[in-house]
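Q: In this note's numbering, the protein residues as written are 508 to 1124. There's a structure below that I have some questions on.
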């Protein structure tokens, strides 16, 4: 039958996409990540990591501009790896104390190199360690931001570098209400003064001043950089960018994964109104210069033994500090979680954030909304809207699903109505087969004539499935990339909507102290929680709503499809499985209502009864 054939085709195609994604991409990626983690752990035990020490004057010049120096960080020296606590204790520091950030600024080098995000934990356990964003040079994973001045070619004045020990004016911690001031004199008439402020989120504001009481004017270039030593463990998914990122004026969004920048070595940009940094799945670090500043920006990857140093940096136009004069350079640093309301996803609904407040150039793209952002962003906006009322993203998913159903109700109504009419003409179609048993062409001609007279669309059965696919993927993207969904609980055993259902049928939902997924070779297939089972049951109900197809092959497909989807979606985020189960239930209710309104018998319970009756027989 044409209607069944089209419906089955649409279901199979969507199912094949999801199956291919899960088993031919997700599973290999998970195995790859496990191998990388083991390799990285071994390397960290045996391989010395590069330090950040570099003399600005010794850095190689940028090609094509002999008079302009490069920013620091190009020359790295290896040194033994020490524990993070030991590296922090090795330098005098100024404490950072804000509602969202804990850490310190190293007086040696004047770097911001110690940041922990206290509102986010490594696991759903609130007592687990906070997320570590920045770590000092010499640790296993150095990651920091640095600001200052680079001397122009020919200038011999001593400049502050990674070994310079700054002095703090006064005392006290860096808080949202109390900035700190650092000071250093080079002994030749130049005095460097740095004022660092922080807000109650993740924005640092840096003001660098240099005064000259020497015997000659000095030409300097202001610089800022973010440096990360060694590639971190990434999610490894094509739909998510992790690595170097920036929105660089007219050149637009620039994204370089770690492997890509390793191949390119260095990429230079000359732009106005740009920002650049390094992004992880949920966290990011970005330089936010003044929007009217002309930047000599750069992405680079510098090898040092088995480890690469990844750096985003920029130089501003040179300034000449006259005798008795003072020069000033301003910089801003974002170092924290990619919260939609903080980054600035929408200029309304309280989600304008830094993008609106600072007049930045598409800073909202720090969150990877993907190519289908026009669906993904409204999906997140709807979820966030209901979350503000109910305080639970699981409830938000249920309500947004209802709204999507209502929005597409006219289209689905026509689809289900057409399907109902097709069921009503099944006796006529069966009669055609009996009348022309050996003439398939004649059967098709007469069938299309019946469809024309009854005003039936033979492809109507595909529409409900086709509508669900973009909604499914947009919700998957939101659950996967937004930090708001990370560790967001539902009710009962679901503590994290962005993670798979933690229960498992194969250990009797925790009654047996055993993890079936650890079994070699096929263990990852043995993850089947309660919500995937609920989803499979609702899908089975939806399949049983339709009459049993006469073709044996079609019967097999209909019978096995719910079971296949149950195992396939078991490894997906719990929020997505909850959506699918809820959508199935709403579809059953909607289709039953439309069938009754069109005078077609709802055969759900009859089909269920017949199924169990056959088993009993």
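Ideal placement from N, C-alpha and C gives every residue a C-beta, glycine not left out. Note that the coordinates shown come from a computational prediction; the quantities given were computed from them, not determined experimentally.
Below 8 Å, how does it come out for the stretch 782 to 801 and the stretch 733 to 747: are there three or more Cβ pairs, yes or no?
A: Touching, yes.
Q: What would DSSP say about residue 622, mapped onto helix, strand or coil?
A: Of the three classes helix, strand and coil, the one that applies to residue 622 here is strand, per DSSP.
Q: Under 8 Å by Cβ, that's how I've got residue 619 and residue 652 pegged, so tell me the actual separation to the nearest angstrom.
A: The Cβ separation is near 5 Å, so the contact holds.
Q: Determine whether the beta carbon atoms of residue 765 and residue 738 lie at a separation below 8 Å.
A: Yes; because the gap between Cβ atoms is below 8 Å, this pair is in contact.
Q: By the 10 Å Cβ neighbour count, where 16 or more other Cβ atoms means buried, how is residue 1019 classified, buried or exposed?
A: The residue is exposed, with fewer than 16 neighbouring Cβ atoms inside 10 Å.
Q: Which one of 916, 614, 893 has the shortest CA to CA distance from residue 690?
A: Looking at the Cα atoms, 614 is the closest of the given residues.
Q: Where residue 593 and residue 818 are concerned, what is the direct C-alpha to C-alpha distance, given to the nearest angstrom?
A: Approximately 24 Å, taken between the alpha carbons.
Q: Return yes when the Cβ of residue 793 is within less than 8 Å of the Cβ of residue 873, no when it is not.
A: Taking 8 Å as the Cβ cut-off, residue 873 and residue 793 qualify as a contacting pair.
Q: Is it buried or exposed, residue 993, if we count other Cβ atoms within 10 angstroms and call 16 or more buried?
A: Residue 993 comes out buried.
Q: Kindly indicate the opening and closing residues of the alpha helix (DSSP H) around residue 1013.
A: That residue, residue 1013, is in no alpha helix (DSSP H); it is neither H nor E in DSSP.
Q: Is residue 1036 near residue 1006, with beta carbons less than 8 Å apart?
A: No. Outside cutoff.
Q: Give a yes or no on contact between the stretch 1065 to 1074 and the stretch 978 to 989, applying the rule of three or more CB pairs nearer than 8 Å.
A: These segments do not touch.
Q: Is residue 676 buried or exposed, if buried means 16 or more other CB atoms sit within 10 Å of its CB?
A: Answer is exposed; the Cβ neighbour count stays below 16.
Q: Measure the C-alpha to C-alpha separation of residue 640 and residue 625 and round it to an integer number of angstroms.
A: Looking at the two C-alpha atoms, the distance is approximately 10 Å.
Q: Below 8 Å between beta carbons: does that hold for residue 890 and residue 907?
A: Against a cut-off of 8 Å, the Cβ pair of residue 907 and residue 890 comes out as a contact.
Q: What do you reckon, are the CB atoms on residue 673 and residue 617 nearer than 8 Å?
A: Result yes, Cβ atoms of residue 673 and residue 617 sit closer than 8 Å.
Q: Pairs of beta-carbons, one from the stretch 885 to 904 and one from the stretch 1077 to 1091, closer than 8 Å: are there three or more?
A: They touch, by the three-pair rule.
Q: Could you tell me the alpha carbon to alpha carbon distance between residue 838 and residue 997, rounded to whole angstroms?
A: Going from the Cα of residue 838 to the Cα of residue 997 covers about 41 Å.
Q: Expressed to the nearest angstrom, what Euclidean distance is found between the alpha-carbon atoms of residue 590 and residue 650?
A: The alpha-carbon atoms of residue 590 and residue 650 are separated by roughly 14 Å.
Q: Assuming residue 1093 and residue 909 make a contact with CB atoms under 8 Å, what is their CB distance in whole Å?
A: Indeed they touch by this definition, with Cβ atoms about 7 Å apart.
Q: Taking the C-alpha atoms as reference points, what is the distance between residue 790 and residue 720?
A: Roughly 43 Å between the two C-alpha positions.
Q: Check residue 770 in the structure and name its three-state DSSP category.
A: If DSSP states are grouped into helix, strand and coil, residue 770 belongs with the helices.
Q: What number of angstroms, rounded off, separates the C-alpha of residue 685 from the C-alpha of residue 704?
A: So the alpha carbons of these two residues sit roughly 7 Å apart.
Q: Among the candidates 860, 1017, 611, 1097, whose CA atom is the shortest distance from the CA of residue 680?
A: Of the listed residues, the one whose Cα sits closest to residue 680 is 611.
Q: Beta carbon of residue 869, beta carbon of residue 747: below 8 Å?
A: Against a cut-off of 8 Å, the Cβ pair of residue 747 and residue 869 comes out as no contact.
Q: Quick one: residues in its chain with C-beta nearer than 7 Å to the C-beta of residue 848, no 5 flanking neighbours on either side, listed in chain order?
A: Counting only Cβ-Cβ distances below 7 Å, and skipping sequence neighbours, we find 857, 858, 860.
Q: Tell me which same chain residues have a C-beta within less than 6 Å of the C-beta of residue 774, skipping the five on either side of it?
A: Result list for residue 774: 806, in chain order.
Q: Residue ranges of each beta strand (DSSP E) run of no fewer than 3 residues wholly in the stretch 772 to 830, ordered along the chain?
A: For the stretch 772 to 830, whole beta strand (DSSP E) runs of length 3 or above, ordered along the chain, are 773 to 779, 781 to 786, 790 to 794, 801 to 811, 814 to 822, 826 to 828.
Q: Exposed or buried, what is residue 999 when buried is set at 16 or more other beta-carbons lying within 10 Å of its beta-carbon?
A: Exposed, by the Cβ-count rule.
Q: Grab me the residues of residue 1047's own chain with a C-beta within less than 6 Å of its C-beta, minus the 5 sequence neighbours each way, in chain order.
A: Contacts found: 1069.
Q: Pick from 985, 932, 697: whose alpha carbon is nearest that of residue 715?
A: Checked all of 985, 932, 697; the closest Cα to residue 715 is 697.
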